[in-house]
Amino acid sequence: SMQNLPARIGIAQVPDINPAPLDQAKAAGARIIRTDLILEDVETSSGYNFQQYDALLAALDARGMGALFIVRQYYTSPRYSLATNAGITSFGYFAEAAARRYAGRNVRYEVWNEPDEAGFWGGRTPSAAEYAAMSSATIAAIRRGDPAAKVSTAGISMFMYQYISDALNAGAASTADAIGLHGYREAREPESVSETLPLSRKIIGAALGDNRPVWMTEWG
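Counting in the working numbering, the sequence shown runs from 1248 upward without gaps.
Here you go:
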């Protein structure tokens, strides 16, 4: 309903506790900050250090806001190869640790960002099958850390229908609560979303056999 709309609107921000943008986001009506949760910023030789994200969540808690964490690695030269089972497992340990640490907090998770773009997939040719294997395993890892966690698949850019279909048919959604999409349009015609979003939902429904929610995690 419109009454609950603010709780469903978010603004993207880098992981920073600068109070000004947080206060501005809240004043604009947003109640969620979408931001990166990056393995290389957390994993050290002596274990995981979530200090910077703890501070961000404390700042959000103080404002009655929550986080949508994009669980990922560096886009270029990631620490672990997500084309290998060993790399996926190591990435999963990180995701599980994060979910366990933030269980019970106002936190949601999104598994990666735009893996259909080479620039966000380690500079390699995007692979829906590779993403599906990683996404399914990472969602399972998050569930081990926090069975109640809310998780979406990665936002897919430009309504890339074939990639969406291939990834979902390969099991990317697993037990995901939602499917991530990014509402950009190549034609820069926002009105065309009235056609692209229903078609996307049709593709999602055909792949999953259900009417799982869509999270529009980027749209600008």
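All residues carry an ideal CB built from backbone N, CA and C; glycine is no exception.
Check	Outcome
Going by Cα to Cα distance, which pick from Asn1265, Tyr1340, Arg1278, Leu1329 is closest to Leu1303?	Asn1265
Measuring straight from C-alpha to C-alpha, what distance separates Ser1312 and Ile1258?	The identity of residue 1312 in the sequence shown is Met, whereas the question assumes Ser. Each residue's alpha carbon lies about 11 angstroms from the other.
Between Thr1323 and Gly1370, which are expected to be in contact by the criterion C-beta below 8 angstroms, what is the C-beta distance as a whole number of angstroms?	6 angstroms
Bridge partners for Glu1357 per DSSP, in chain order?	Ile1317, Ser1399
My parser needs the alpha helix (DSSP H) runs of 4 or more residues fully inside the region 1380-1458; what are they?	1408-1416, 1440-1455
How long is the line joining the alpha carbons of Gly1452 and Val1398, rounded to whole angstroms?	18 angstroms
Using a Cβ-Cβ cutoff of less than 6 angstroms, which residues in the same chain neighbour Ile1389 once the five nearest sequence positions on both sides are dropped?	Ala1342, Ala1346, Tyr1356, Ala1396, Val1398
Would you mind working out which of Trp1462, Ile1256, Ile1335 sits nearest Ile1426, comparing C-alpha positions?	Trp1462
Let's test the definition: count the other Cβ atoms within 10 Å of the Cβ of Gln1320 and tell me whether it reaches 16, buried, or not, exposed.	buried
Does Thr1336 come out as helix, strand or coil in the three-state DSSP assignment?	helix
Between which two residues does the beta strand (DSSP E) holding Val1461 run?	1461-1465
Is the beta carbon of Leu1455 sitting closer than 8 angstroms to the one on Leu1415?	yes
By Cβ distance, which residues of its chain are closer than 6 angstroms to Val1318, with the 5 residues on each side in sequence left out?	Leu1284, Ala1342, Tyr1356, Val1358
Just reading off the beta strand (DSSP E) that Ala1259 is part of, what are its end residues?	1257-1259
Considering Leu1329, what are the terminal residues of the beta strand (DSSP E) in which it resides?	Segment: none, Leu1329 is in no beta strand (DSSP E) and carries neither H nor E.
What does DSSP give as the partner residues of Arg1281 in its beta bridges?	Ala1259, Leu1315
Helix, strand or coil for Tyr1322, going by three-state DSSP, please let me know.	coil
For Glu1287, which three-state DSSP category applies?	helix
In chain order, what residues of the same chain lie with their CB nearer than 7 angstroms to the CB of Ala1419, ignoring the 5 residues before and after it?	Tyr1378, Ala1379, Ser1382, Ser1383, Thr1400
Considering Pro1373, what are the terminal residues of the alpha helix (DSSP H) in which it resides?	Looking at the DSSP string, Pro1373 is not in any alpha helix (DSSP H), and its letter there is neither H nor E.
Which one of Asp1301, Pro1325, Ala1387 has the shortest CA to CA distance from Val1354?	Asp1301
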